[in-house]
Amino acid sequence: MRPADILTLTPAGLFCPPGDFHVDPVRPVARALITHGHSDHARAGHGAVLATAETLGIMGVRYGEAFAGSTQIATYGEPIALGPVRVTFVPAGHVLGSAQIIIEAGPTRIVVSGDYKRAPDPTCRAFEPVSCDVFITEATFGLPVFRHPAPGAEIAKLLQSVALFPEQAHLVGAYPLGKAQRLIALIRETGYERPIYVHGAMERLTDYYVAQSVQLGDIRLVRAEGRAALGGAIVICPPGALQDLWARRFPDPVAAFASGWMRVRARARQRGVELPLVVSDHADWDDLCTTIVETGAEEVWVTHGQEDALVHWCLLNGIKARPLHMLGYGDEDATEAPPAASGQAGGLDSTPAVQVATGRVPGPGRPREGEPSP
Amino acid sequence: MNRFAALLDRLAYEPRRNAKLRLMTEFFRVTADPERGYALAALTGALSFAGAKPGLIRRLITERTDRVLFALSYDYVGDLSETVALMWPQGRTGHNRPPAPTLAEVVEALSATLKPDLPPLLAGWLDALDETGRWALLKLITGALRIGVSARLAKAAVADLGGLAVNEVEEVWHGLEPPYVALFAWVEGRGPRPQASDPAPFRPPMLAHPLDEEDFAALAPSEFAAEWKWDGIRVQAVKARRTDGRAVARLYSRTGEEISAAFPDLVQALIDDEAFWGAIDGELLVLRDGRVQSFNVLQQRLNRKAVTPKLLVDFPAHIRAYDLLADGESDLRPLPFAERRQRLEEFVRRLASHRVDLSPLIPFVDWAALASARAEPASAGAVTDAEAVEGCMLKRLDSPYVPGRPKGLWFKWKRDPFAVDAVLMYAQRGHGKRSSFYSDYTFGVWRDGEGGDELVPVGKAYFGFTDEELKALDLFVRNHTVNRFGPVREIAHEPDRGLVLEVAFEGLQRSARHKSGLAMRFPRISRIRWDKPPRDADRIDLLETMLARIEAGRAARPRAAERE
Chain D
3 MRPADILTLT
13 PAGLFCPPGD
23 FHVDPVRPVA
33 RALITHGHSD
43 HARAGHGAVL
53 ATAETLGIMG
63 VRYGEAFAGS
73 TQIATYGEPI
83 ALGPVRVTFV
93 PAGHVLGSAQ
103 IIIEAGPTRI
113 VVSGDYKRAP
123 DPTCRAFEPV
133 SCDVFITEAT
143 FGLPVFRHPA
153 PGAEIAKLLQ
163 SVALFPEQAH
173 LVGAYPLGKA
183 QRLIALIRET
193 GYERPIYVHG
203 AMERLTDYYV
213 AQSVQLGDIR
223 LVRAEGRAAL
233 GGAIVICPPG
243 ALQDLWARRF
253 PDPVAAFASG
263 WMRVRARARQ
273 RGVELPLVVS
283 DHADWDDLCT
293 TIVETGAEEV
303 WVTHGQEDAL
313 VHWCLLNGIK
323 ARPLHMLGYG
333 DEDATEAPPA
343 ASGQAGGLDS
353 TPAVQVATGR
363 VPGPGRPREG
373 EPSP
Chain W
96 MNRFAALLDR
106 LAYEPRRNAK
116 LRLMTEFFRV
126 TADPERGYAL
136 AALTGALSFA
146 GAKPGLIRRL
156 ITERTDRVLF
166 ALSYDYVGDL
176 SETVALMWPQ
186 GRTGHNRPPA
196 PTLAEVVEAL
206 SATLKPDLPP
216 LLAGWLDALD
226 ETGRWALLKL
236 ITGALRIGVS
246 ARLAKAAVAD
256 LGGLAVNEVE
266 EVWHGLEPPY
276 VALFAWVEGR
286 GPRPQASDPA
296 PFRPPMLAHP
306 LDEEDFAALA
316 PSEFAAEWKW
326 DGIRVQAVKA
336 RRTDGRAVAR
346 LYSRTGEEIS
356 AAFPDLVQAL
366 IDDEAFWGAI
376 DGELLVLRDG
386 RVQSFNVLQQ
396 RLNRKAVTPK
406 LLVDFPAHIR
416 AYDLLADGES
426 DLRPLPFAER
436 RQRLEEFVRR
446 LASHRVDLSP
456 LIPFVDWAAL
466 ASARAEPASA
476 GAVTDAEAVE
486 GCMLKRLDSP
496 YVPGRPKGLW
506 FKWKRDPFAV
516 DAVLMYAQRG
526 HGKRSSFYSD
536 YTFGVWRDGE
546 GGDELVPVGK
556 AYFGFTDEEL
566 KALDLFVRNH
576 TVNRFGPVRE
586 IAHEPDRGLV
596 LEVAFEGLQR
606 SARHKSGLAM
616 RFPRISRIRW
626 DKPPRDADRI
636 DLLETMLARI
646 EAGRAARPRA
656 AERE
């Protein structure tokens with residue numbers, strides 16, 4: 003079978019006709035394989051869902067236990083037969099439970115990498131390169147201007163500012179699933195032992211991480227302490243909350259934001275960020291290129307993000323490549339509604355969805371995964 | 096260079112004016128001469144490096160990276176210096192890395208280096224600096240800091256160093272040279288006040304606050320004078336005697352930039368006029384046969400690089416005076432407006448030159464009368480100059496001339512713009528603040544085509560929307576792209592699929608360059624009509640009607656909202 007017979011593009015997303023399943027479909031389908039728990043990849047309402055235990059757990063936290071007709075756990079590295087094809091989930095290093103999916107039909111092997119990163123992350127299993135014929139990659143940071151610095155250096159920037167302005171509350175905007183917990187874990191690695199405060203919208207997902215034995219130290223809810231008392235504290239909140247009325251009740255707050263987009267000044271300024279922290283859960287340009295080479299793929303399909311540059315780079319390096327121009331996936335570009343908006347009470351502190359308040363949400367775009375916006 | 100780069104970096108992210116001021120004052124306090132002086136020069140735009148053109152920087156980066164990847168990156172980042180700073184191949188690190196240059200070294204080396212030697216010098220510095228340092232260096236040498244700091248704010252930071260008022264620094268500024276060692280010595284109380292060596296200095300202008308209809312309730316008509324707001328450029332014309340007795344005349348823009356060289360006709364007229372001694376504040380306009388020409392005409396003169404004799408004849412520059420800042424040697428700025436106005440009228444009356452005339456006052460008894468004058472300037476005294484009127488100015492009769500934008504003294508009340516509902520057709524990524532978002536929009540209106548109704552592009556707008564709206568527009572563009580032409584995305588624009596934008600603009604003229612034959616002046620997105628299907632957008636006939644009215648000299652301005 004040719005790769006194009008094994009995996010095709012439908013309006014719902016990538017579809018495997020011989021195995022009769024979709025990968026990360028953007029609309030309800032009969033059978034879905036889910037790479038990770040971010041809401042643009044993991045949506046509620048499918049018939050059957052196959053994903054890692056952690057991804058299923060995260061979907062349960064976000065959508066309630068009845069988010070799909072039935073669920074099946076995929077264990078990292080253990081192949082599962084679906085009709086004539088074999089699928090295997092392999093760590094992607096993106097967030098807790100994130101996976102690449104290997105799809106094998108006869109001698110042909112396709113890897114759908116989902117979202118991934120190569121940078122260290124104490125909260126999830128590290129990315130494992132898999133050799134394959136076709137590698138399907140994201141390209142969120144697919145431009146050579148995106149070189150993420152070592153996360154430790156960025157955390158040091160935050161801690162220096164906390165030391166320099168001990169009376170000011172440091173609000174760190176971070177995506178509620180994955181980024182928030184990773185930041186906390188990275189801060190703990192430096193030996194910072196004081197309580198770290200979290201916004202109510204992150205409570206349940208952070209609890210879930212802790213329940214999965216991710217060490218995050220002394221975590222407290224902002225609303226338990228009261229905002230006025232948090233001078234000098236580190237507070238992790240959804241990016242949208244930075245501009246909210248919520249943020250103004252802190253003592254002289256410093257607006258920090260942890261995202262790969264912070265590499266570009268205009269992006270940080272557009273959001274009114276005073277302390278940009280370049281920390282991303284996506285591969286940067288160098289890692290995208292390195293990974294493609296490591297997989298040894300003869301052909302690369304680029305799902306979403308800055309696909310033009312990555313496709314061009316592949317062609318320069320003698321690798322066949324094509325952009326899929328897939329819609330409906332975030333590129334860390336719009337602010338996702340925190341879980342509170344999907345029916346999970348986030349408590350008094352939860353911010354409303356920061357979607358655009360125009361009468362109609364334009365186009366097929368739903369609240370998307372990811373972080374900044376102007 | 097590192098400390099200066101860190102300052103620029105902090106300033107770039109700091110939105111609060113007072114915090115910017117504190118950051119700069121602190122920098123000046125802890126940084127030694129001449130480093131801080133060169134930094135001040137950089138912040139006030141007093142440095143220029145003729146050899147370091149953006150072209151050179153482009154060449155350096157394209158020698159080191161793939162052309163296409165650079166083009167895509169530049170398109171995304173929207174800023175040449177930043178793109179190069181981020182993309183520059185990482186140099187050696189640790190002990191082998193050459194030491195980063197100081198700002199003083201950079202400035203001194205650049206002024207002493209010949210053009211052919213510049214590329215290796217610059218490349219060496221870029222290798223030695225980190226991302227922030229590279230960004231600051233490139234911003235500095237291309238002369239485009241764009242960090243939200245005006246020259247005046249930087250001077251205010253210097254003034255704060257010694258507890259002085261910014262205008263005290265402003266008064267001695269012209270005639271000082273980088274690295275301003277004497278200025279810092281004076282501000283810190285270690286030296287004498289520098290002598291303002293320029294007999295015809297710039298005086299910081301007084302600015303007005305915008306006014307809305309609802310603000311009038313709080314204002315008493317009897318306390319104000321009204322003038323036309325002319326659609327030209329604000330200038331200051333100064334003439335004085337040097338110590339050797341010779342006359343010196345200068346023309347300044349509102350930011351204090353000297354623009355005399357661009358207007359030799361005007362400057363000569365001032366020199367020749369034996370009655371002109373002092374400083375006037377006024378509007379630079381092109382007059383033909385005594386009639387003020389539109390801004391479009393003025394622009395044709397402003398856009399020229401070379402000032403040719405033909406240009407001087409075809410576009411004669413004039414000043415319409417509205418304030419007198421100095422009469423001979425005496426400073427009139429502390430006097431109330433009414434008194435200055437009287438002195439101005441006498442001053443203009445004495446002049447021999449017809450190049451300077453008086454901006455008339457608009458007589459009015461109450462705000463309703465002023466509103467109707469503003470709506471119909473032609474019949475309220477502006478007569479044949481009505482086209483060049485863009486609204487009214489209100490000035491308190493008792494207002495002294497206060498530099499900056501003091502509260503409650505002067506107001507500007509602009510005319511309502513034109514507006515049409517147009518359909519979004521193409522989008523492109525923006526630059527600067529809007530970089531990486533699809534923020535440049537080409538829009539069109541309906542016309543009769545061969546195969547039925549079709550959309551014809553009528554203009555391009557890239558502002559007028561809020562950040563929230565930009566986010567929504569960007570998302571719309573990404574999700575409704577039907578075609579890509581390089582950086583340009585074609586957006587779905589069919590009768591039932593697409594987006595309607597209400598576009599406001601200041602004027603309209605015929606243009607052979609545009610497919611529609613029309614060009615808008617100063618178009619911007621005034622509203623996003625999520626609710627309106629493209630089929631209900633306006634037709635070209637409406638623009639034709641507006642243009643016909645403008646050409647007929649009538650001021651009637653239909654607004655989209657009122658038409659339905």
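Protein sequence lines, in the order shown, are assigned to chains D and W. In our numbering, each number is its position in the first sequence, counted from 1, plus 2. In our numbering, each number is its position in the second sequence, counted from 1, plus 95. Idealized CB from N, CA, C, for every residue including glycine.
Which of helix, strand or coil DSSP assigns to D:E80
DSSP, read as helix, strand or coil, puts D:E80 in coil.
field: Residues that D:G274 contacts on chain W, provided the C-beta gap is smaller than 7 Å
entry: Chain W residues near D:G274: P110.
Q. Under 8 Å Cβ-Cβ, which residues of chain D neighbour W:Y171?
A. For a Cβ distance threshold of 8 Å, residue set L145, V147, V266 and Q308 of chain D lies close to W:Y171, ordered along the chain.
In whole angstroms, what separates the C-alpha of W:R411 from that of W:K400? At residue 411 of chain W the sequence reads Pro, which differs from the Arg that was named. Near 16 Å, if we compare the C-alpha coordinates of W:K400 and W:P411.
With distances taken Cα to Cα, identify the nearest neighbour of W:T157 among W:R592, W:A145 and W:A218. Comparing Cα-Cα distances from W:T157 to each of W:R592, W:A145 and W:A218, the minimum goes to W:A218.
Next item on the list: Would you identify the three-state DSSP class for D:S344, choosing helix, strand or coil?
Entry: The pLDDT assigned to D:S344 is 30, lower than 50, so where the model puts this residue is not dependable; a value taken from the coordinates is nonetheless given after this. Secondary structure of D:S344 (DSSP, three-state): helix.
Quiz item: Residues in its own chain within less than 8 Å of D:R362 by CB, not counting five upstream and five downstream?
Solution: Its pLDDT being 33, under 50, D:R362 is placed unreliably by the model, and the measurement read from it follows with that caveat. Same-chain partners within the cutoff: there are none.
| said: Given this structure, state the Cα-to-Cα distance separating W:K610 from W:V515, to the nearest angstrom. | reply: Each residue's CA atom was taken as its position, placing W:K610 and W:V515 some 18 Å apart.
Q.
Would W:L164 pass as an interface residue toward chain D - the criterion being a Cβ-Cβ separation below 9 Å?
A. Yes, W:L164 lies at the interface with chain D (some Cβ there is under 9 Å from its Cβ).
Handout entry: Whole-angstrom distance between W:S317 and W:V125, CA atom to CA atom
Key = Cα to Cα, W:V125 sits roughly 52 Å from W:S317.
Taking only the alpha-carbon atoms, compute the straight-line gap between D:P19 and D:V89 and give it to the nearest angstrom. Going by the C-alpha atoms only, they are around 14 Å apart.
*Assign W:P211 to one of three DSSP states: helix, strand, or coil.*
In this structure, W:P211 counts as helix in the three-state DSSP scheme.
Check your understanding: Leaving out five residues before and five after W:I328 in sequence, what residues of the same chain have Cβ atoms less than 6 Å from its Cβ?
Key -> Here the set comprises L379.
**Study point:** Residue range of the unbroken beta strand (DSSP E) whose run includes D:C126
**Key:** Unbroken run through D:C126: none, as it is neither H nor E.
* Kindly list the residues whose CB is nearer than 8 Å to the CB of W:V362, restricted to its own chain and excluding five residues on each side of it in sequence; keep chain order. => Here W:V362 has A344, R345, L346 and S355 as same chain residues with Cβ atoms under 8 Å from its own Cβ, once five neighbours each way along the sequence are excluded.
What does a CB cutoff of less than 6 Å around W:P296 pick up in its chain, not counting 5 residues either side in sequence?
Cβ neighbours of W:P296 beyond the five flanking positions: H269.
Taking all protein chains shown into account, do 16 or more other C-beta atoms lie within 10 angstroms of the C-beta of W:D662, making it buried, or fewer, making it exposed? Outside the displayed range of chain W (96 to 659) lies residue 662 of chain W, so it cannot be described from this structure.
Would you say D:P168 reaches chain W, if we count a Cβ-Cβ gap shorter than 9 Å as a contact?
Interface annotation, D:P168: not in contact with chain W, CB-CB separation never under 9 Å.
Which of the three DSSP states is assigned to D:G361 in this structure? A caution first: D:G361 carries a pLDDT of 32, below 50, which makes its placement in the model unreliable, though a value can still be read off. In the structure shown, D:G361 adopts coil according to DSSP, grouped into three states.
One question on the structure: do D:R267 and W:E177 come within less than 9 Å of each other, judged by their Cβ atoms? Contact flag set, yes.
The segment 92 to 107 of chain D: positions lying closer than 7 Å to chain W by Cβ:
Of all residues in the segment 92 to 107 of chain D, none is placed with a Cβ closer than 7 Å to any Cβ belonging to chain W.
task: Find the nearest neighbour of D:I60 within the set D:V275, D:Q74, D:T297 and D:G39, judged by alpha-carbon distance.
output: Selected option, being the one with the closest Cα: D:G39.
- prompt: Which class does D:E373 belong to by DSSP, given the choice of helix, strand or coil?
  reply: For D:E373, the pLDDT reaches just 35, beneath the cut-off of 50, and the residue's location in the model is therefore unreliable, leaving the point undetermined.
Open item on the list: Counting only beta-carbon separations shorter than 9 Å, does W:R573 have a partner in chain B?
Closed with: No chain B appears in this structure, whose protein chains are D and W.
Q) Per the contact definition of three or more C-beta pairs closer than 8 Å, is the segment 275 to 291 of chain D in contact with the segment 192 to 199 of chain W? A) These segments do not touch.
- Task: Would you grab the beta carbon distance between D:V87 and D:I105 for me? Rounded to a whole angstrom, and I think it's under 8 Å.
- Result: Confirmed, Cβ separation roughly 6 Å.
Next on the checklist: So W:K507 and W:P299 are supposed to be a Cβ contact under 8 Å. How far apart are they, rounded?
Outcome noted: The beta carbons of W:K507 and W:P299 sit about 18 Å from each other, so the pair does not count as a contact at 8 Å.
CB contact flag (W:L465, W:F459, <9 Å): With respect to W:F459, W:L465 sits close: the two C-beta atoms are nearer than 9 Å.
Can you give, in chain order, each stretch of the beta strand (DSSP E) that sits fully within the segment 225 to 283 of chain D and has at least 3 residues?
-> As far as the segment 225 to 283 of chain D is concerned, its whole beta strand (DSSP E) runs of at least 3 residues are 236 to 239, 256 to 260 and 277 to 279.
Within 9 Å (strictly less), CB to CB, does D:P278 reach chain W? Closer than 9 Å: yes.
Inset, instruction - Compare the beta carbon distance of D:C1 and D:R64 with 9 Å and say whether it is the shorter of the two. - result: Because residue 1 of chain D is not part of the residues shown, which for chain D are 3 to 376, the question remains open.
Self-check item: Contact with chain D by W:M182, beta-carbon distance below 9 Å
Solution: Interface with chain D (9 Å Cβ-Cβ cutoff): W:M182 is included.
Handout entry: D:R45 at chain W interface by Cβ criterion, 9 Å
Key = So, not an interface residue.
message: Give me the DSSP bridge partner(s) of W:S425.
response: Answer is W:D422.
- Query: Alpha carbon to alpha carbon, what distance is there between D:V280 and D:E195?
  - Reply: Distance from the CA of D:E195 to the CA of D:V280, rounded to the nearest whole angstrom, comes to 23 Å.
Checklist entry - D:F137 to D:V113, Cα distance in whole Å? => result Taking the straight line from one Cα to the other gives about 5 Å.
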